[in-house]
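Encoded as structure tokens, the structure appears first; notes follow it.
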Amino acid sequence: MIDGETQLYGIIGNPVRHSLSPVIHSNAFKRMGLNAVYLAFEVKDLKEAIDGMRGLGIRGVSVTMPFKNRIIPFLDKVEDPAGKIKAVNTLLNEGGKLIGYNTDWRGALEALEEMVNLKGKRVVLLGAGGAARAIGFALRTRDCGVIVSNRTIHKGAGLANELMCVHQPPSSIESLKADVIINATAAGMHPYDEENPLPKKALKQGMTVMDIVYWPLRTKLLREAEERGCRTIDGLEMLARQGAAQLEIWTGKRPGLLEIKNDVRRALHRK
Ligand code: NAP
Numbered sequence: 000m001i002d003g004e005t006q007l008y009g010i011i012g013n014p015v016r017h018s019l020s021p022v023i024h025s026n027a028f029k030r031m032g033l034n035a036v037y038l039a040f041e042v043k044d045l046k047e048a049i050d051g052m053r054g055l056g057i058r059g060v061s062v063t064m065p066f067k068n069r070i071i072p073f074l075d076k077v078e079d080p081a082g083k084i085k086a087v088n089t090l091l092n093e094g095g096k097l098i099g100y101n102t103d104w105r106g107a108l109e110a111l112e113e114m115v116n117l118k119g120k121r122v123v124l125l126g127a128g129g130a131a132r133a134i135g136f137a138l139r140t141r142d143c144g145v146i147v148s149n150r151t152i153h154k155g156a157g158l159a160n161e162l163m164c165v166h167q168p169p170s171s172i173e174s175l176k177a178d179v180i181i182n183a184t185a186a187g188m189h190p191y192d193e194e195n196p197l198p199k200k201a202l203k204q205g206m207t208v209m210d211i212v213y214w215p216l217r218t219k220l221l222r223e224a225e226e227r228g229c230r231t232i233d234g235l236e237m238l239a240r241q242g243a244a245q246l247e248i249w250t251g252k253r254p255g256l257l258e259i260k261n262d263v264r265r266a267l268h269r270k
């Protein structure tokens with residue numbers, strides 16, 4: 000029931016109507032017995048949105064494209080590693096002070112480490128956008144070799160430089176003998192379901208292949224990886240964990256992952 004004590008949370012982005020975050024957070028709040036609502040805000044003017052968050056005492060906000068980087072100068076504090084990643088996907092309003100966090104890195108790392116011990120592994124990270132940056136900095140905290148590979152070479156080389164690792168063009172992935180391949184590009188995301196960031200022959204038996212695209216969940220990359228005998232991790236694993244980490248920042252409580260995953264699966268079926 001909404002009453003005078005109900006706390007307001009939301010997501011800011013543009014576009015934002017497709018976001019699964021309202022489904023994740025609204026259902027989790029209900030299950031956690033919290034008096035809170037979560038709404039999607041399609042934002043045109045970021046400064047006005049931030050002023051509104053402070054002025055109205057909105058308690059927490061998820062941040063999505065195109066604001067993850069642009070929001071940083073408006074904040075009172077940015078918690079590591081969001082500063083290094085240069086991307087904030089979570090805001091906490093602590094008595095009018097806005098604190099920025101990044102939970103994508105943690106969501107990706109937890110999803111990956113459920114499946115594979117990264118120590119000594121050779122990991123190919125496809126992409127150089129916001130999500131790839133978060134995953135790249137997460138991988139840097141582990142004892143593994145990272146190779147960045149991006150369609151636009153200068154962007155990939157720039158990220159590799161920041162991560163102090165190498166960049167290889169996507170055409171050379173096949174020869175790299177990777178243990179783990181992570182797709183952090185938008186290739187394969189609806190409506191480009193048949194796009195693939197890699198040729199099937201680059202996938203070898205025994206590899207772990209993680210795709211962070213979550214719409215569809217069984218991307219072409221993951222279907223081909225299964226056919227080639229790879230272990231696969233779909234985008235829901237990271238999505239659910241980064242959302243759970245946001246809820247933990249806002250409420251101090253960790254919600255159940257299984258329930259979040261079921262909510263997202265149901266929402267994807269309805270799309
Ligand atoms: P972004 O900042 O716009 O970066 C997009 C990246 O994808 C760039 O590296 C871009 O390469 C590459 N790319 C786009 N289309 C491509 C194609 N057809 N072939 C090869 N590379 C292509 O986006 P982002 O925020 O990093 O998000 C990337 C994907 O991750 C999206 O699908 C998003 O939904 C997903 N994501 C999932 C989660 C999760 O929790 N599961 C979290 C965040 C993001 P160029 O540099 O060459 O343009």
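Numbering that gives the first Met the number 0 applies: residue 0 is where the sequence shown begins, and numbers increase by one. Here a beta-carbon is modelled for each residue, glycine too, at the ideal position from N, C-alpha and C.
Candidates Asn261, Ala27, Val123, Ile49, of which the one nearest Gln167 by Cα: Val123
Have a look at Ala137 and Ala107 and give me their C-alpha separation to the nearest angstrom. 8 angstroms
Ile180 burial status per 10 Å Cβ neighbour count (16 or more: buried): buried
Mind checking whether Val263 and Val60 have CB atoms under 8 angstroms apart? no
At the level of alpha carbons, what is the spacing between Glu247 and Lys199? 38 angstroms
Coil, strand or helix - Ile211 by DSSP: coil
On a CA-only basis, which of Gly12, Tyr8, Leu97, Pro14 is nearest Asn26? Give me that one, please. Tyr8
Nearest neighbour of Ala130, chosen from Arg141, Ala185, Val115 [CA to CA]: Ala185
Delimiting residues of the alpha helix (DSSP H) encompassing Val263: 256 to 269
Do you know how far the Cα of Leu125 is from the Cα of Ile49? 32 angstroms
Give me every residue whose Cβ sits closer than 6 angstroms to any heavy atom of ligand 1, in chain order. Met64, Asp103, Gly106, Gly126, Ala127, Gly128, Gly129, Ala130, Ala131, Asn149, Arg150, Thr151, Lys154, Ala183, Thr184, Ala185, Ala186, Met188, Glu194, Pro196, Ile211, Val212, Tyr213, Gly234, Met237, Leu238, Gln241
Is the CB of Ala177 under 8 angstroms away from at least one CB in chain E? Absent here is chain E; the protein component of the structure consists of one chain.
In chain order, what residues of the same chain have a beta carbon less than 7 angstroms from the beta carbon of Glu193, not counting five sequence neighbours either side? Lys219
I'd like the span of the beta strand (DSSP E) that includes Ser174, first residue to last. Here Ser174 belongs to no beta strand (DSSP E), and DSSP marks it neither H nor E.
Within 10 angstroms of the Cβ of Leu235, are there 16 or more other Cβ atoms? Answer buried if so, exposed if not. buried
By Cβ distance, which residues of its chain are closer than 6 angstroms to Leu97, with the 5 residues on each side in sequence left out? Leu74, Asp75, Leu90
To the nearest angstrom, how far is the alpha carbon of Val145 from that of Glu113? 19 angstroms
Within 10 angstroms of the Cβ of Met209, are there 16 or more other Cβ atoms? Answer buried if so, exposed if not. buried
Three-way DSSP call (helix, strand, coil) for Leu246 in this model: helix
Assuming Gly51 is part of the beta strand (DSSP E), what are its boundary residues? Element bounds for Gly51: not the beta strand (DSSP E) but the alpha helix (DSSP H), 45 to 55.
Just how far apart, CA to CA, sit Arg271 and Met188? Residue 271 lies beyond the range of the chain shown here (0 to 270); nothing can be said about it.
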